[in-house]
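A short write-up of the structure that comes next.
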Amino acid sequence: MTSSDTLRVAVIGTGKMGADHVRRIQGIVSGARVSAVVDVDAERAKAVAARVDGCTAYTDPVTAMTADDVDAVLIASSGPAHEAALLAALDRDLPVLCEKPLTPDAASALRVLEAERKLGHRRVQVGFMRRYDPEYVRLKALLNTGQLGRPLMLHNRHRNAASPPFFTSEMLISDSVAHETDVTRWLLGQEITAVTVLRPRPSVNAPDGLQDPQFVVFETDGGAVADVEIFVNCGFGYQVQAEVVCERGTARIGDGHAMVTNMAGRWGGTIAQDFTDRFADAYDRELQAWADATRRGEVTGPSVWDGYAAAAVCEAGVRALTDGGRVEVELVERPGLYA
Ligand SMILES: NC(=O)C1=CN([C@@H]2O[C@H](COP(=O)(O)OP(=O)(O)OC[C@H]3O[C@@H](n4cnc5c(N)ncnc54)[C@H](O)[C@@H]3O)[C@@H](O)[C@H]2O)C=CC1
Ligand SMILES: O=C1[C@@H](O)[C@H](O)[C@@H](O)[C@H](O)[C@H]1O
Numbered sequence: 001m002t003s004s005d006t007l008r009v010a011v012i013g014t015g016k017m018g019a020d021h022v023r024r025i026q027g028i029v030s031g032a033r034v035s036a037v038v039d040v041d042a043e044r045a046k047a048v049a050a051r052v053d054g055c056t057a058y059t060d061p062v063t064a065m066t067a068d069d070v071d072a073v074l075i076a077s078s079g080p081a082h083e084a085a086l087l088a089a090l091d092r093d094l095p096v097l098c099e100k101p102l103t104p105d106a107a108s109a110l111r112v113l114e115a116e117r118k119l120g121h122r123r124v125q126v127g128f129m130r131r132y133d134p135e136y137v138r139l140k141a142l143l144n145t146g147q148l149g150r151p152l153m154l155h156n157r158h159r160n161a162a163s164p165p166f167f168t169s170e171m172l173i174s175d176s177v178a179h180e181t182d183v184t185r186w187l188l189g190q191e192i193t194a195v196t197v198l199r200p201r202p203s204v205n206a207p208d209g210l211q212d213p214q215f216v217v218f219e220t221d222g223g224a225v226a227d228v229e230i231f232v233n234c235g236f237g238y239q240v241q242a243e244v245v246c247e248r249g250t251a252r253i254g255d256g257h258a259m260v261t262n263m264a265g266r267w268g269g270t271i272a273q274d275f276t277d278r279f280a281d282a283y284d285r286e287l288q289a290w291a292d293a294t295r296r297g298e299v300t301g302p303s304v305w306d307g308y309a310a311a312a313v314c315e316a317g318v319r320a321l322t323d324g325g326r327v328e329v330e331l332v333e334r335p336g337l338y339a
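Here it is as structure tokens:
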């Protein structure tokens, strides 16, 4: 394709995120359209395809990837289905935007990394959308100026109003803290080397048996320490905050003070209710950046290496949660492709 052609995207997985990304590509992103949707649930795929002109519904990702009108793939199926779709797309040298997690564990992430390395060029962007959130972008830009000095500590808070019924204690790390593994590595420009997980008393509002909240501590190869409060049944809304403590100052985002109201004896703002609300702008920017880069024949976003490192940190985190103590993160040597 040339940069003037419209990018024809196959969206794999038409659940909550996939259907939202179809709406986004059709209504918000320029230079791209959805030509195929895929879901193992045929009725779900057909229902989403019916809302888009010229879109075909499939139940098999590989069949969609071999269609004449597919230039690129957006993977938004459940995590365990990502590896097969990624390997099939790399086999066909198709550009991919893959929702987080790249894959659910380090071994499968490494297989994807090896496939891309063999291909010899980057094709995959991982959906760590916080890198496109305007507040995180400002924080990263400030850190890059060096005005605050070296970062020493990073405090993250990640709160969801309520967890879905299938959520397990391990998923607080592998599904939710996955974002902070990337944010920590990206903001600090350092790899995470060890993880410790503390288990506060579970909230009465957490489903029976769910260890919620958790307090996760990361150590990095640059000597910084980051913590993550993950609380997925906080009840009051969706809240993501980050504060970096540096040698000459601190910077904090996520307070949501875009608008403050005064009324009837109280003041304050509102709290988003979920990620599709809080990070709507970030998803829009992420998909636009991916479409633009893909049409130029480039890959500019979070890489397979970032997805692999996040998977390895989460795996160490799950071990720290279940076995207790401090668990070191083991990464393979970083290939030159991801230098
Ligand atoms: N970036 C972010 O903030 C968020 C990312 N996610 C990620 O997005 C992905 C999807 O999550 P949700 O939409 O919440 O899940 P969902 O359960 O609503 O949708 C997943 C869909 O994938 C389909 N599916 C499963 N296996 C498939 C296969 N082999 N081929 C084709 N379709 C298949 C399912 O039938 C379902 O319709 C996950 O990787 C999740 O971690 C989810 C929420 C927020
Ligand atoms: O990625 C996400 C979900 O999968 C996860 O379950 C939530 O906890 C996160 O806030 C959301 O961004």
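The opening residue of the sequence shown carries number 1 in UniProt numbering; numbering runs sequentially from there.
The beta carbon of each residue, even a glycine, is placed where N, CA and C say it ideally should be.
Treat the numbers as computed from the prediction; the structure is a model and nothing was measured.
Given that a residue counts as buried once 16 or more other Cβ atoms are within 10 Å of its Cβ, and exposed if not, what is residue i?
i           : result
residue 277 : exposed
residue 263 : exposed
residue 199 : exposed
residue 121 : exposed
residue 144 : exposed
residue 211 : buried
residue 260 : exposed
residue 133 : buried
residue 247 : exposed
residue 16  : exposed
Between the Cα of residue i and those of the options, spot the shortest distance and give me the residue it belongs to.
i           : options               : result
residue 222 : 305, 192 and 206      : 192
residue 231 : 207, 250, 139 and 44  : 207
residue 202 : 215, 139, 174 and 281 : 215
residue 175 : 149, 127 and 194      : 127
residue 103 : 318, 313, 308 and 294 : 308
residue 10  : 318, 69, 73 and 24    : 73
residue 299 : 241, 310 and 124      : 124
residue 324 : 217, 209, 80 and 268  : 217
residue 187 : 243, 338 and 311      : 243
residue 334 : 110, 268, 265 and 32  : 110
residue 314 : 17, 301 and 180       : 180
residue 87  : 107, 116 and 80       : 116
residue 271 : 296, 239, 289 and 265 : 239
residue 286 : 131, 147, 166 and 269 : 131
residue 234 : 265, 81 and 274       : 274
residue 194 : 162, 310, 338 and 170 : 310
Taking the alpha helix (DSSP H) that residue i belongs to, which residues open and close that run?
i           : result
residue 102 : Element bounds for residue 102: n/a, residue is neither H nor E.
residue 179 : 178-188
residue 315 : 304-323
residue 337 : Run containing residue 337: none; DSSP gives neither H nor E here.
residue 20  : 16-27
Just to confirm, is the Cβ distance from residue i to residue j under 9 Å?
i           : j           : result
residue 40  : residue 77  : yes
residue 350 : residue 157 : Not covered by the structure: residue 350. The range shown for the chain is 1 to 339.
residue 31  : residue 292 : yes
residue 253 : residue 150 : no
residue 331 : residue 173 : no
residue 177 : residue 317 : yes
residue 190 : residue 184 : yes
residue 90  : residue 119 : yes
residue 64  : residue 34  : no
residue 236 : residue 161 : yes
Less than 8 Å between the CB atoms is what I'm expecting for residue i and residue j, so what's the real figure, rounded?
i           : j           : result
residue 58  : residue 45  : 7 Å
residue 95  : residue 294 : 5 Å
residue 83  : residue 108 : 5 Å
residue 312 : residue 106 : 4 Å
Following the continuous beta strand (DSSP E) through residue i, name the residue where it begins and the one where it ends.
i           : result
residue 165 : Where residue 165 is concerned, there is no enclosing beta strand (DSSP E), given that its DSSP letter is neither H nor E.
residue 62  : No beta strand (DSSP E) holds residue 62; the alpha helix (DSSP H) holding it covers 61-65.
residue 157 : 151-159
Would you check whether ligand 3 has a heavy atom nearer than 8 Å to the C-beta of residue i?
i           : result
residue 108 : As presented, the structure is devoid of ligand 3, carrying ligand 1 and ligand 2 as its sole ligands.
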